[in-house]
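Residue numbers (the UniProt record's numbering): 1 to 171.
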């Protein structure tokens with residue numbers, strides 16, 4: 001499962017929506033809001049449907065979109081920006097620049113571990129919202145998305161973050 005994190009108040013992730021499908025409002029061309037209702041849970045979620053390149057959300061260079069379809073209902077939930085080869089090249093260039101200038105060897109293993117643990121904490125903090133999006137995107141039960149998918153994602157980040165300061169002389 002891909003991790004979901006908060007950025008500028010938006011939930012970053014691929015999207016979704018199960019029964020009942022209730023699109024609420026598009027506040028900007030690349031933002032989607034949804035009021036998730038299932039298994040006794042009511043969760044409001046909002047996230048960007050654009051591409052995340054160089055630290056910000058942008059529409060794809062082709063200005064085309066891809067339908068996000070709920071596999072349970074077969075209905076279109078929303079549309080997300082379609083990435084092109086040009087968009088991939090821009091993302092790779094931005095990632096390389098970040099690695100060379102700010103990330104790369106400038107950040108110790110211990111600091112990287114702390115970042116992974118922080119991601120785990122953010123997943124745990126927003127687990128209901130993440131599980132709602134995962135349930136919508138995959139057409140699965142909210143309880144499974146929360147109890148397994150989202151919680152296991154947090155556990156993986158926490159586990160590998162914890163290894164960052166363990167040195168046992170083995171390669």
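Note that CB positions come from ideal geometry on N, CA and C, so glycine has one too.
When the options are compared against residue i, the one with the closest alpha-carbon
| i | options | result |
| --- | --- | --- |
| residue 54 | 102, 157, 117 | 102 |
| residue 137 | 159, 94, 86, 80 | 80 |
| residue 156 | 92, 107, 113, 144 | 113 |
| residue 162 | 110, 70, 42 | 110 |
| residue 69 | 143, 134, 142 | 134 |
| residue 42 | 132, 119, 154, 57 | 132 |
| residue 154 | 126, 105, 83, 140 | 126 |
| residue 33 | 92, 83, 129 | 129 |
| residue 67 | 96, 37, 40, 82 | 82 |
Environment of residue i [buried if 16+ CB atoms lie within 10 Å]
| i | result |
| --- | --- |
| residue 123 | buried |
| residue 174 | No answer is possible for residue 174: the residues shown for the chain start at 1 and end at 171. |
| residue 145 | buried |
| residue 119 | buried |
| residue 18 | The predicted model places residue 18 with a pLDDT of 33, which falls under 50 and marks its position as unreliable; any figure quoted below should be read in that light. With 16 or more Cβ atoms within 10 Å of its Cβ, residue 18 is classed as buried. |
| residue 107 | exposed |
| residue 88 | exposed |
| residue 77 | buried |
| residue 142 | buried |
| residue 167 | exposed |
Terminal residues of the alpha helix (DSSP H) in which residue i lies
| i | result |
| --- | --- |
| residue 172 | Here the chain covers residues 1 to 171 and nothing more, so residue 172 does not appear. |
| residue 67 | Premise fails: residue 67 lies in the beta strand (DSSP E), 65 to 69, not in any alpha helix (DSSP H). |
| residue 81 | It is not in any alpha helix (DSSP H) - residue 81 instead sits in the beta strand (DSSP E) that spans 76 to 81. |
| residue 61 | Careful: residue 61 lies outside any alpha helix (DSSP H) and carries neither H nor E. |
| residue 90 | 85 to 101 |
| residue 151 | 151 to 163 |
8 Å contact criterion, which residue i and residue j should meet: CB distance rounded
| i | j | result |
| --- | --- | --- |
| residue 31 | residue 49 | 7 Å |
| residue 116 | residue 160 | 6 Å |
For residue i, the first and last residue of its enclosing beta strand (DSSP E)
| i | result |
| --- | --- |
| residue 30 | Where residue 30 is concerned, there is no enclosing beta strand (DSSP E), given that its DSSP letter is neither H nor E. |
| residue 58 | 56 to 58 |
| residue 41 | 41 to 48 |
| residue 52 | 51 to 53 |
TODO: Report yes or no: do three or more beta-carbon pairs, one from the region 143 to 159 and one from the region 52 to 67, lie closer than 8 Å?
DONE: no
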